[in-house]
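Student: Residues 1 to 306, numbered by the UniProt record's numbering, are exactly what the sequence shown covers, in order. Virtual Cβ for every residue (Gly too), placed ideally from N, Cα, C.
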Amino acid sequence: MTEDRRGTPCSPPAGNQLTVDGYAPYGVTADLVILTIRADQLCVLLVRRALEPFAGALALPGGFVRPDETLGAAARRELAEETGLRLDEPAPAERGFAQAERGAGTARATSAPAVVGVGSAGWPGAHLEQLAAYGAVDRDPRARVVTIAFLALAPDLPEPRSGTDAAAAEFVPVAAVAGAERVTRGGVGEGGVGEGEVDGAGLAFDHGAILADGLERARSKLEYTTLATAFCPVEFTVAELRRVYEIVWGAPLDPRNFHRKVTGTRGFLEPVGRSTTRDGGRPAALYRRGPAEVLYPAIRRPPAGD
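In structure tokens, the structure reads:
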């Protein structure tokens, strides 16, 4: 399927209504769940749509994949066009957490995670991976559209600016996105939404379900990978790292037990050899991310309600 200048899918020309083996054409989009921590809150990057469908509604940044680009390239292009933020093309050697996914045996039936890259010139330490595919027949009122969602985690990012078909772009606290915690792929994510309706999280299309999946992926991976460091600056304290876990998980952690676990896990953290007082109080040692990708033993998430 082709697209017009606004990213709206266009009908194929007459006489070309069917593709190979008689299958009808359909659109493919790339959408991004971009999570960061701002003012001690977990935030997601959202845009306000300027065009129909869902004009005026909040949505994840993203858009249609062009015939001559990869899924990852489409995700990076749409991010830059709609928000002004850029995630550079990763180097081939940047394998990120692919081994961690395979080693932990957590591949989902909906989509085997495919890591696009970790780190960029624009976002030091940023993490980008493929999240899942969403293909409910009625998820887009314009036409049959399948979207490939990506999950990005990064330290505090610069202010986004709107562009192309986005009227505005902003970081919104996850807690402020109504219903984001309650929407699941078994609901809106699989069943789609009706024409002109937003989903259970108040977002366009099925983006609430995609956001919920991205949140759960991030929370789960904090247990068995070193992914929490993607929310930290290059050099950080154990207290700052603990705060990342507490914010993403939404639960307090015992400072002494956490310090013992993260400093005692081989390859998780590397001491920098300097200290800082930015946490307040006595000087605290600075660390950087170590070479490990998988945490053993894992850092277990507190049960809900604790």
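Given a threshold of 16 other Cβ atoms within 10 Å of its Cβ, counted over all protein chains shown, does Gly-281 qualify as buried or as exposed?
Tutor: Mapped onto the sequence shown, residue 281 falls at position 281. Exposed, since its Cβ has fewer than 16 Cβ neighbours within 10 Å.
Student: Quick check on Pro-302: does DSSP put it in helix, strand or coil?
Tutor: The residue labelled residue 302 in the question sits at position 302 within the sequence shown. In the structure shown, Pro-302 sits in coil (DSSP, three-state: anything other than H, G, I, E or B).
Student: Jot down the residue ranges of each uninterrupted alpha helix (DSSP H) in the stretch 202-280, minimum 4 residues, whole runs only, in chain order.
Tutor: Runs found: 207-224, 238-249, 255-264.
Student: When you compare only the Cα positions, how much space is there between Ile-37 and Arg-260?
Tutor: For the purposes of this step, residue 37 is taken as the residue at position 37 of the sequence shown. For the purposes of this step, residue 260 is taken as the residue at position 260 of the sequence shown. The straight-line gap from Cα to Cα measures roughly 24 Å.
Student: At the level of alpha carbons, what is the spacing between Leu-241 and Asp-21?
Tutor: Sequence index remark: in the sequence shown, residue 241 carries index 241 (1-based). Sequence index remark: in the sequence shown, residue 21 carries index 21 (1-based). Cα to Cα, Leu-241 sits roughly 53 Å from Asp-21.
Student: Pick out whichever of Pro-173, Ala-152, Val-145, Pro-158 has its Cα sitting closest to the Cα of Asp-40.
Tutor: Residue 40 sits at position 40 when you count from the first residue of the sequence shown. The shortest C-alpha separation from Asp-40 is found at Pro-173.
Student: Closer than 8 Å is the cut-off here; do at least three beta carbon pairs connect the stretch 57-67 with the stretch 247-264?
Tutor: The stretch 57-67 is not in contact with the stretch 247-264.
Student: Measure the alpha-carbon distance for Leu-79 versus Val-244 and round it to whole angstroms.
Tutor: Within the sequence shown, the letter at position 79 stands for residue 79. Within the sequence shown, the letter at position 244 stands for residue 244. Their backbone Cα atoms lie some 24 Å apart in a straight line.
Student: Label Pro-160 either buried or exposed according to how many other C-beta atoms from any shown protein chain fall within 10 Å of its C-beta, with 16 as the threshold for buried.
Tutor: Position 160 of the sequence shown, counted from the first residue, corresponds to residue 160. It counts as buried.
Student: In whole angstroms, what is the alpha-carbon distance linking Val-294 and Ala-304?
Tutor: Walking along the sequence shown from the start, residue 294 turns up at place 294. Walking along the sequence shown from the start, residue 304 turns up at place 304. So the two alpha carbons sit approximately 24 Å from each other.
Student: Do you know how far the Cα of Arg-139 is from the Cα of Arg-289?
Tutor: Numbered from 1 along the sequence shown, position 289 holds the residue referred to as residue 289. Numbered from 1 along the sequence shown, position 139 holds the residue referred to as residue 139. Using only the alpha carbons, I get a separation of about 39 Å.
Student: Of all the options Thr-70, Glu-216, Leu-45, which has the alpha carbon lying nearest to the alpha carbon of Gly-250?
Tutor: As a first step, residue 250 is located in the sequence shown; it is residue number 250 there, counting from the start. Of the candidates Thr-70, Glu-216, Leu-45, the one whose C-alpha sits nearest the C-alpha of Gly-250 is Glu-216.
Student: Taking 7 Å as the threshold (C-beta atoms), are Ala-126 and Val-47 in contact?
Tutor: Locating residue 47 in the sequence shown gives position 47, counting from the first residue. Locating residue 126 in the sequence shown gives position 126, counting from the first residue. No, Cβ-Cβ distance for Val-47 and Ala-126 is not below 7 Å.
Student: Starting from Ala-149, trace the beta strand (DSSP E) both ways and give me its first and last residue.
Tutor: Numbered from 1 along the sequence shown, position 149 holds the residue referred to as residue 149. From DSSP, the beta strand (DSSP E) with Ala-149 extends over 145-153.
Student: Three or more C-beta pairs under 8 Å: does that hold for the stretch 136-152 against the stretch 28-36?
Tutor: Yes, the stretch 136-152 touches the stretch 28-36.
Student: Using 7 Å as the threshold, is the C-beta distance between Ala-136 and Asp-213 below it?
Tutor: By 1-based counting over the sequence shown, the position of residue 136 is 136. By 1-based counting over the sequence shown, the position of residue 213 is 213. Not a contact, by the Cβ cut-off of 7 Å.
Student: Report yes if the C-beta distance between residue 368 and Leu-269 is below 7 Å; otherwise report no.
Tutor: With the chain covering 1 to 306 only, the question about residue 368 has no answer from this structure.
Student: Tell whether a beta-carbon distance below 7 Å holds between Pro-155 and Pro-233.
Tutor: For the purposes of this step, residue 155 is identified with residue 155 of the sequence shown, where counting begins at 1. For the purposes of this step, residue 233 is identified with residue 233 of the sequence shown, where counting begins at 1. Yes, the Cβ-Cβ distance between Pro-155 and Pro-233 is below 7 Å.
Student: Buried or exposed for Thr-208, going by 16 or more other Cβ atoms inside 10 Å?
Tutor: Indexing the sequence shown from 1 puts residue 208 at position 208. Going by the sequence as given, residue 208 is Gly instead of Thr. Buried, because 16 or more other Cβ atoms sit within 10 Å of the Cβ of Gly-208.
Student: Applying the criterion that 16 or more other CB atoms from any shown protein chain within 10 Å of the CB defines a buried residue, is Gly-27 buried or exposed?
Tutor: If you number the sequence shown from 1, residue 27 lands on position 27. Its Cβ being crowded by 16 or more others within 10 Å, Gly-27 is buried.
Student: Using only alpha-carbon positions, find the residue among Thr-29, Pro-271, Arg-301, Asp-279 that is nearest to Arg-142.
Tutor: Indexing the sequence shown from 1 puts residue 142 at position 142. The option with the nearest alpha carbon to Arg-142 is Thr-29.
Student: Measure the alpha-carbon distance for Thr-229 versus Ala-24 and round it to whole angstroms.
Tutor: Stepping through the sequence shown from its first residue, residue 229 is reached at position 229. Stepping through the sequence shown from its first residue, residue 24 is reached at position 24. Approximately 44 Å between the Cα atoms of the pair.
Student: How many whole angstroms separate the CB atoms of Val-248 and Ala-292, which I take to be in contact at a CB cut-off of 8 Å?
Tutor: One-based indexing of the sequence shown puts residue 248 at position 248. One-based indexing of the sequence shown puts residue 292 at position 292. Wrong, their Cβ atoms sit about 19 Å apart, outside the cutoff.
Student: Kindly identify the DSSP beta-bridge partner or partners of Asp-31.
Tutor: Within the sequence shown, the letter at position 31 stands for residue 31. BP columns for Asp-31 point to Gly-62, Ala-149.
Student: Give the single residue among Val-262, Ala-239, Ile-210 whose Cα lies nearest to the Cα of Val-146.
Tutor: Position 146 of the sequence shown holds residue 146. Measuring from the Cα of Val-146, the nearest candidate turns out to be Ile-210.
Student: Hey, could you find the ends of the beta strand (DSSP E) Ala-285 is sitting in?
Tutor: Translated into the one-based positions of the sequence shown, residue 285 becomes position 285. Note, Ala-285: beta strand (DSSP E), 284-289.
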